[in-house]
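S.K.:
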Amino acid sequence: MIRLIVLICILWMVTSQSNKLLAQEVNAIQWISFEQLDDSLAKKPKKVFIDFYTEWCTYCKKMDRVVFTKSSIIEVLNTEYYAVRFDAETTESIEFGGRLFKNYEIGKSRTPVHEIARLLATNNNHFTPPAMVILDENFNVEQRHFEYLDSKSLFKILE
Amino acid sequence: MLGSSFGSASIIAQTSTFTGRVFAEDKPLAGVTVYIPSLNKGDVTNEEGIFVIKALPVGTHQIKISFLGFKNVFDTISTEPGKVLKKEYELEEDFLNLDAMVVSGTRYELDRANAPVVVNVLSNKLLAATQSISISEGLSFQPGVRIEANCQNCGFTQVRMNGLSGNYSQILINSRPIFSALNSVYGLEQIPTNIVEQVEVTRSGGSALYGSNAIAGTINIITKEPVTNNWEIHSNTALIAGKTVDQTLSFNGSIVDESLKTGVTFYAMNRDRGSYDANGDGFTELVQLKNNVFGSKFFIKPSNYGKIMGDFSLLKEYRRGGDQLDLAPHFTDITEELIHDTFFGSLNYDQRTPDNKNKISVYASLQRTLRDSFYGGLGGGRTPQDSALAINAYGNTDDLAVVVGVQYNRYFDSRDVFTFGIENQYYNTTDEIQGYRRIIDQQVNTLGLFVQYEWKPWDKLTTLLGLRYDLNNVDGDYKVGTINNSVDINLGVLSPRFTLLYTINEYLRFRGGYARGFRSPQAFNEDLHISSVGGEPLFVILSKELDKETSNAYTASINYTRNRGVTQTTFLLEGFFTQLQDPFSQVSTGRVLSNGSILEEVRNGEGATVSGINFELGYSPSSSFFFQIGGTLQQTSYDNPQVLFEPEEQPVLGESTVTVKGFLRNPNMYGYFATFYNISKSLQLDVSGTYTGSMVVPRVVSETGFLRLIDSNPFIDVNLKLNYHIDIFEDFSMTMSGGLKNMFNSFQDEFDVGPTRDSDFVFGPLAPRSVFISLKIGDLH
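Keeping their order, the protein sequence lines are chains A and B. Per this note's numbering, the first sequence starts with residue 1063, numbered consecutively. Per this note's numbering, the second sequence starts with residue 1026, numbered consecutively.
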């Protein structure tokens, strides 16, 4: 009985993983980094969508799994936007727009928020993931959203 | 023409004009908003960066200048009658646009620091660190809370808060008081931790929202609410004292749709624990348990502002203790065997107005328990009379609790909150053992009206004023043998509650409170449990003249919370003082029924006070290390010595009246500690423990119910757990753990023996040393 359960579990895991891999190859959001965004914006201005997440944020995970995998979202993000995904608690320094951005809160906070996230995605001085920011071609902030958005609401916003 | 220019001239005379230029890096800025919020007036700059706001009333005004891509500028201007004020503003470029419009706010935050009542949260994490299978094992890890074992025949446990016994606390499931008197006999051991999101412990009756008998406090068991799609399977095997196996298997799973409009979580648990005999006399110290639980919790959001929540749990538990567990109960010397079939269910509807200022909740909760019991046995005798009595010791219990209510909350702009509600609680218990001619048939109905106002007169002060009016009706018949008592009471009781929070500074908070409580005469948990002494059952019956009990509870506390860098420190010092008037007390009268049963009577006892301090210290230098210690120092005293044993007829030689000055089974010092240490990312060490100080324990030494008072030794119950976590795939992890519970085997060393033992003579830790291994797989995060 236990063997059977283990076998089923393993089979299930293998199939679900391979499905995911296949899905990614066929159709996925082309996420880029801030460094890549710098180059891309210089070459061809476009609207920008930035998704700030953290490792512990359950709703971020849910968005990854069920919202950013929807074909409507993938299509609109890939065609109309540069899509950036950024771990708001990353320890790495980021060069962007000719300036170096750092995480100054390391060692000061349990949830050290990176300077970029602080500048772009704070709400009354609080950073609460999931945080999504939409900017125009000139990199001016158009909208900020600090909550879980399902694919319908996100699609409306992105359109 | 003339008239109009005259008119405008007169306006100019009484008002003034504010004009100016806005620029950045020496260039004029067009499209900048210059705005006076208090007047709802403003202008937008033209191509030259010029703005003009006319017809301003004379005086000082706050102005706000904002432009997308630049930092906001705030200024205060003073205008004089008929004059034009001119100013220039330079805007600083806001590289990443800090001051843009925010679309929405936080939705998932819960702020505990600013609550006017101290709420301690027993998290999932602590329940896991202490390897608690049921709620009863985890609750001791809170200041002022202690779980005590009460019976080695049936495993009756109760929770003591601030020294007051179980029936002074209100146990809530998802905030509803459906945990009946019957449920509180074994219920804490029946509710598995895998269904629990967290347990919120509020000491002292600080809130008017929950019934008036919550004098010692409330314990609110919040079950898991679904957020993401996930699943987990958990197995735990423990070996108690090297010989008794305790095996648990449980699973949880949740499905939540993408729009977060519907979600459901399912859970199930099976536990199988053998019995344990500590002293080899053939009688159990730990009872045999077989427990099955399954349940679900779901939500549906029909609109953005409405939410329907429902949950249910089904418990089926078998427990048996005594001797010769393989025989039919009536062939044994002592057996307490209980089969519980319990259903808990609730439905809740919340509706908010779009401005989030009004919220109305309508709810209904139901609990039903059917219990088959056997409390009895041959008791060491083998006469036909013993046999006849034993075979008639089977009983049935039917218990129903229904709670329905409406609650309205109004959130004011001043951050004040007004709450109003009506709640009806109905409890119906029928407990019958024909052989002893014992019947408890009781209906309790309480219609409660409550108002509460959370008033914040200024920033630093929050007060919570509450008033509850209960219309209480008890209709009960209590019979044992030839004794037949009944209660029929209608009471209207007003219970005021008051608490305040004063924020001294960023780190320090002071809280104080007063609550009045009452309990109407009725059967509580002890009355639904039958102990065995001298081979005879011991019954508890309400006395004829039993009157209501009232109480006054005062509490004051200081709370220090500081985050310095990643270091977190918290300290809580809380004093409490509770006065009980006419408390319900069990008195042994030496009365024995014709069939040999011993009788204890519940009477209004001597007035009593319970006072003491609770403390809690938490320290965490980084997220990989956490240490917490808490405890209670307290004393209890009766205004006059309380009688425990008072022979009614001719006393047996040497059996005179027994009295006590303070509470029984209640140590003056007890506490706990818990430490989590992440040795590496995947390896974690948890050490936790409880301390139980010396206490006075009664031991019945004669068939008349005569008792001796014994001072127990202190106990230190330490648990050690090592946890290893691996992420196998992104959505699949495994956690293996193992360790020791009660590693120093700090356990009661002397029990009563044989068929005539006093089954209530148990105290200290719930179980001796055990080794456990556990495995958890699933989508754990």
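We put the beta carbon where it would ideally sit given N, CA and C, even for glycine. Values in this document were obtained by computation on a predicted structure and should not be read as measured data.
#1: So, do the region 1181-1201 of chain B and the region 1256-1269 of chain B have three or more beta carbon pairs nearer to each other than 8 Å?
#2: Could you compute how far the alpha carbon of residue 1215 of chain A sits from the alpha carbon of residue 1098 of chain A?
#3: Whose Cβ in chain A lies nearer than 9 Å to the Cβ of residue 1285 of chain B?
#4: Thinking just about the alpha-carbon of each residue, which of B/1536, B/1520, B/1519 and B/1517 is nearest to the one in residue 1526 of chain B?
#5: Against chain B, does residue 1172 of chain A count as a neighbour if the rule is that its beta carbon must be under 7 Å from one of theirs?
#6: Would you mind working out which of B/1071, B/1049 and B/1098 sits nearest residue 1060 of chain B, comparing C-alpha positions?
#7: On the three-pair Cβ rule with 8 Å, is the region 1133-1148 of chain A touching the region 1098-1107 of chain A?
#8: Out of A/1158, A/1138 and A/1118, state which residue places its alpha-carbon closest to the alpha-carbon of residue 1201 of chain A.
#9: Secondary structure at residue 1673 of chain B, three-state DSSP: helix, strand or coil?
#10: Quick check: what's the CA-CA separation for residue 1439 of chain B versus residue 1482 of chain B?
#11: Among B/1073, B/1271 and B/1720, which has the Cα closest to the Cα of residue 1799 of chain B?
#12: Roughly how far, in whole angstroms, is the beta-carbon of residue 1716 of chain B from the beta-carbon of residue 1710 of chain B, given that I think they are within contact range, below 8 Å?
#13: Buried or exposed: where does residue 1192 of chain B fall if 16 or more other Cβ atoms within 10 Å of its Cβ makes it buried?
#14: CB-CB under 8 Å to residue 1607 of chain B, same chain, minus the five flanking residues each way: which ones, in chain order?
#15: Helix, strand or coil for residue 1649 of chain B, going by three-state DSSP, please let me know.
#16: Shorter than 7 Å from the beta carbon of residue 1594 of chain B to some beta carbon of chain A?
#17: Relative to the C-alpha of residue 1252 of chain B, which residue among B/1114, B/1236, B/1071 and B/1288 is closest?
#18: May I have the straight-line CA-CA distance separating residue 1221 of chain A from residue 1197 of chain A, to the nearest angstrom?
#19: Would you mind telling me which residues of chain A sit closer than 8 Å to residue 1590 of chain B, beta carbon to beta carbon, in chain order?
#20: Quick check on DSSP: helix, strand or coil for residue 1447 of chain B?
#21: In the structure shown, what three-state DSSP assignment does residue 1175 of chain B receive?
#22: Taking Cβ-Cβ distances shorter than 7 Å, what residues in chain B pair up with residue 1129 of chain A?
#23: Would you decide whether residue 1722 of chain B is buried or exposed? Buried here means 16 or more other CB atoms lie within 10 Å of its CB.
#24: Give a yes or no on whether the C-beta atoms belonging to residue 1686 of chain B and residue 1719 of chain B are separated by under 7 Å.
#25: Using only CA atoms, which one of B/1785, B/1043, B/1067 and B/1224 lies nearest to residue 1733 of chain B?
#26: Whole angstroms is fine: what's the gap from residue 1389 of chain B's alpha carbon to residue 1698 of chain B's?
#27: Go ahead and label residue 1489 of chain B buried or exposed: buried means 16 or more other beta carbons lie within 10 angstroms of its beta carbon, across all protein chains shown.
#28: Residue 1252 of chain B versus chain A: which residues are under 8 Å apart at the beta carbon?
#29: Run through the DSSP bridge pairs and tell me what residue 1542 of chain B is partnered with.
#30: Compute the Euclidean distance between the alpha carbons of residue 1121 of chain A and residue 1755 of chain B, then round it to the nearest angstrom.
#31: Please compile the residues from chain A whose C-beta is within a distance smaller than 8 Å of the C-beta of residue 1439 of chain B.
#32: Could you please give the first and the last residue of the uninterrupted alpha helix (DSSP H) stretch that includes residue 1182 of chain A?
#33: Look up residue 1170 of chain B in the DSSP assignment and give the residues it is bridged to.
#34: Beta-carbon within less than 7 Å of residue 1157 of chain B's beta-carbon, same chain only, minus the 5 sequence neighbours each way: which residues are those?
#35: DSSP state of residue 1663 of chain B, grouped into three classes?
#36: Does the Cβ of residue 1211 of chain B have 16 or more other Cβ atoms within 10 Å, making it buried, or fewer, making it exposed?
M.R.: A quick look at the data gives this:
#1: no
#2: Taking the first sequence and counting its residues from 1, one reaches residue 1215 of chain A at position 153. Taking the first sequence and counting its residues from 1, one reaches residue 1098 of chain A at position 36. Taking the straight line from one Cα to the other gives about 27 Å.
#3: Walking along the second sequence from the start, residue 1285 of chain B turns up at place 260. Those within 9 Å of residue 1285 of chain B in chain A are 1121, 1124, 1210 and 1212.
#4: Within the second sequence, the letter at position 501 stands for residue 1526 of chain B. Comparing Cα positions, the closest option is B/1536.
#5: Numbered from 1 along the first sequence, position 110 holds the residue referred to as residue 1172 of chain A. So, interface residue.
#6: Counting from one through the second sequence, the residue named residue 1060 of chain B turns up at place 35. That would be B/1098, whose Cα lies nearest to the Cα of residue 1060 of chain B.
#7: yes
#8: Reading the first sequence from its first residue, position 139 is the one you call residue 1201 of chain A. Measuring from the Cα of residue 1201 of chain A, the nearest candidate turns out to be A/1158.
#9: Here the question's residue 1673 of chain B lines up with position 648 in the second sequence. Coil at residue 1673 of chain B, not helix or strand.
#10: Start at 1 with the first residue of the second sequence, and residue 1439 of chain B comes out as number 414. Start at 1 with the first residue of the second sequence, and residue 1482 of chain B comes out as number 457. Approximately 9 Å, taken between the alpha carbons.
#11: Along the second sequence, one-based indexing puts residue 1799 of chain B at 774. Checked all of B/1073, B/1271 and B/1720; the closest Cα to residue 1799 of chain B is B/1271.
#12: Numbered from 1 along the second sequence, position 691 holds the residue referred to as residue 1716 of chain B. Numbered from 1 along the second sequence, position 685 holds the residue referred to as residue 1710 of chain B. With a Cβ gap of about 20 Å, residue 1716 of chain B and residue 1710 of chain B do not count as contacting.
#13: The residue you call residue 1192 of chain B lines up with position 167 of the second sequence. When all chains shown are included, residue 1192 of chain B counts as buried.
#14: Here residue 1607 of chain B corresponds to residue number 582 of the second sequence, with the count starting at 1. Only 1572, 1573, 1574, 1575, 1629, 1630 and 1632 meet the Cβ criterion.
#15: The sequence position of residue 1649 of chain B within the second sequence is 624, counting from 1. Residue state, collapsed to three classes: coil.
#16: Position 569 of the second sequence, counting from 1, holds the residue named residue 1594 of chain B. No - not a single Cβ of chain A is within 7 Å of the one on residue 1594 of chain B.
#17: Here the question's residue 1252 of chain B lines up with position 227 in the second sequence. For the residues B/1114, B/1236, B/1071 and B/1288, the minimum Cα distance to residue 1252 of chain B belongs to B/1288.
#18: Locating residue 1221 of chain A in the first sequence gives position 159, counting from the first residue. Locating residue 1197 of chain A in the first sequence gives position 135, counting from the first residue. Approximately 13 Å, taken between the alpha carbons.
#19: On the second sequence, position 565 is the one that residue 1590 of chain B refers to. Result: 1169, 1170 and 1171.
#20: For the purposes of this step, residue 1447 of chain B is taken as residue 422 along the second sequence, with counting starting at 1. Looking at residue 1447 of chain B - three-state DSSP - the assignment turns out to be strand.
#21: Numbered from 1 along the second sequence, position 150 holds the residue referred to as residue 1175 of chain B. Coil.
#22: Mapped onto the first sequence, residue 1129 of chain A falls at position 67. 1283, listed in chain order.
#23: What you label residue 1722 of chain B is simply residue 697 of the second sequence in a count that begins at 1. Classification for residue 1722 of chain B: buried.
#24: The sequence position of residue 1686 of chain B within the second sequence is 661, counting from 1. The sequence position of residue 1719 of chain B within the second sequence is 694, counting from 1. Not closer than 7 Å, so no.
#25: Taking the second sequence and counting its residues from 1, the one referred to as residue 1733 of chain B is at position 708. Nearest C-alpha to residue 1733 of chain B: B/1785.
#26: As a working mapping, residue 1389 of chain B is identified with position 364 in the second sequence. As a working mapping, residue 1698 of chain B is identified with position 673 in the second sequence. Approximately 38 Å, taken between the alpha carbons.
#27: If you number the second sequence from 1, residue 1489 of chain B lands on position 464. Label assigned to residue 1489 of chain B: buried.
#28: In the second sequence, residue 1252 of chain B corresponds to position 227, counting from 1. In chain order: 1120, 1121 and 1124.
#29: To locate residue 1542 of chain B, count along the second sequence from 1; it is residue 517. Answer is B/1576.
#30: Within the first sequence, numbered from 1, the residue matching residue 1121 of chain A stands at position 59. Within the second sequence, numbered from 1, the residue matching residue 1755 of chain B stands at position 730. Their Cα atoms are separated by approximately 16 Å.
#31: If you number the second sequence from 1, residue 1439 of chain B lands on position 414. By Cβ distance, chain A contributes nothing, its closest Cβ being about 18 Å from residue 1439 of chain B, past 8 Å.
#32: Start at 1 with the first residue of the first sequence, and residue 1182 of chain A comes out as number 120. 1177-1182 is the extent of the alpha helix (DSSP H) around residue 1182 of chain A.
#33: To locate residue 1170 of chain B, count along the second sequence from 1; it is residue 145. DSSP, once it has assigned bridges, lists B/1186 as partnering residue 1170 of chain B.
#34: Residue 1157 of chain B sits at position 132 when you count from the first residue of the second sequence. So the qualifying residues of the chain are 1163 and 1218.
#35: For this step, residue 1663 of chain B is matched to residue 638 along the second sequence. Here residue 1663 of chain B sits in strand by DSSP.
#36: Taking the first residue of the second sequence as 1, we reach residue 1211 of chain B at position 186. So residue 1211 of chain B ends up on the buried side.
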